[in-house]
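Participant: Starting off with a structure, shown below.
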Amino acid sequence: MCGIIGYVGPKKCADILLNGLKTLEYRGYDSAGLAFFEDGEIQEVKAAGRISNLEKKMEGRLDADTHCGIGHTRWATHGGPTDENAHPHCSEHIALLHNGIIENYLELKEFLLKKGYIFKSQTDTGTAAHLIDWCYKQTGDFLDAVIMALGKI
Ligand code: GLU
Numbered sequence: 708m709c710g711i712i713g714y715v716g717p718k719k720c721a722d723i724l725l726n727g728l729k730t731l732e733y734r735g736y737d738s739a740g741l742a743f744f745e746d747g748e749i750q751e752v753k754a755a756g757r758i759s760n761l762e763k764k765m766e767g768r769l770d771a772d773t774h775c776g777i778g779h780t781r782w783a784t785h786g787g788p789t790d791e792n793a794h795p796h797c798s799e800h801i802a803l804l805h806n807g808i809i810e811n812y813l814e815l816k817e818f819l820l821k822k823g824y825i826f827k828s829q830t831d832t833g834t835a836a837h838l839i840d841w842c843y844k845q846t847g848d849f850l851d852a853v854i855m856a857l858g859k860i
């Protein structure tokens, strides 16, 4: 069963997120990933397999000047346990983590493909990230966009 951690606050958080994921390892997982806000952009680091693989990819970045981020340990349901399918899944301004299954994701994916969205993963979650982005473009408000997207999921 997957695990989720998030941090926003005064401390630099890359190592807080990574250590937080380690405390969730006992739940079982097949891949892990982080997204954090650095230099005005979302940075995404993901790795199939153990958190130690993610840790290797984060070498030299644990002191990143980031104070806002999210992390996930995944238990794959849609798409194999690969780097690309690990969470977070990003759309233009959004990084998303998710536990569970989006039952109507194929229908939503078809709609979003027609709108020009490109899918980098095979997951149901990647669909939700793009859907929230599309809703954000309709509403101009993040909370309204999430509410609108959840109405369609
Ligand atoms: N359905 C999602 C996936 O396959 C989430 C899996 C999970 O709960 O970790 O990526």
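Per the working numbering, the very first residue in the sequence shown carries number 708; after that it's consecutive. Glycine residues also receive a C-beta, built at the ideal position from the N, C-alpha and C atoms. All values derive from a computational prediction rather than experimental measurement.
#1: Any heavy atom of the ligand COA closer than 7 Å to the CB of Thr789?
#2: Kindly indicate which residue of His800, Glu814, Asn806, Ile808 has the alpha-carbon position closest to the one of Ile839.
#3: Please determine, among Cys709, Phe743, Ala802, the residue with the shortest C-alpha to C-alpha distance to Leu769.
#4: Along the chain, where does the alpha helix (DSSP H) that runs through Glu814 open and close?
#5: Under 7 Å: does the beta carbon of His837 sit that close to some heavy atom of the ligand GLU?
#6: At a cut-off of 7 Å, is Ile801 close to the ligand GLU when judged by its beta-carbon and the heavy atoms of the ligand?
#7: Distance, Cα to Cα, Ala771 vs Asp746?
#8: Answer with buried or exposed for Gly823, where buried requires no fewer than 16 other C-beta atoms within 10 angstroms of its C-beta.
#9: Indicate the three-state DSSP secondary structure (helix, strand or coil) for Ser759 in the structure shown.
#10: Starting from Ala793, follow the beta strand (DSSP E) in both directions and report where the run begins and ends.
#11: Just the C-alpha distance for Thr789 and Gln829, rounded to the nearest angstrom, thanks.
Facilitator: Taking the definition as stated:
#1: Absent from the structure shown: the ligand COA. Ligands present: the ligand GLU.
#2: His800
#3: Phe743
#4: 812-821
#5: Not under cutoff, so the answer is no.
#6: no
#7: 10 Å
#8: exposed
#9: Residue state, collapsed to three classes: helix.
#10: Ala793 -> no beta strand (DSSP E), and no H or E assigned at all.
#11: 10 Å
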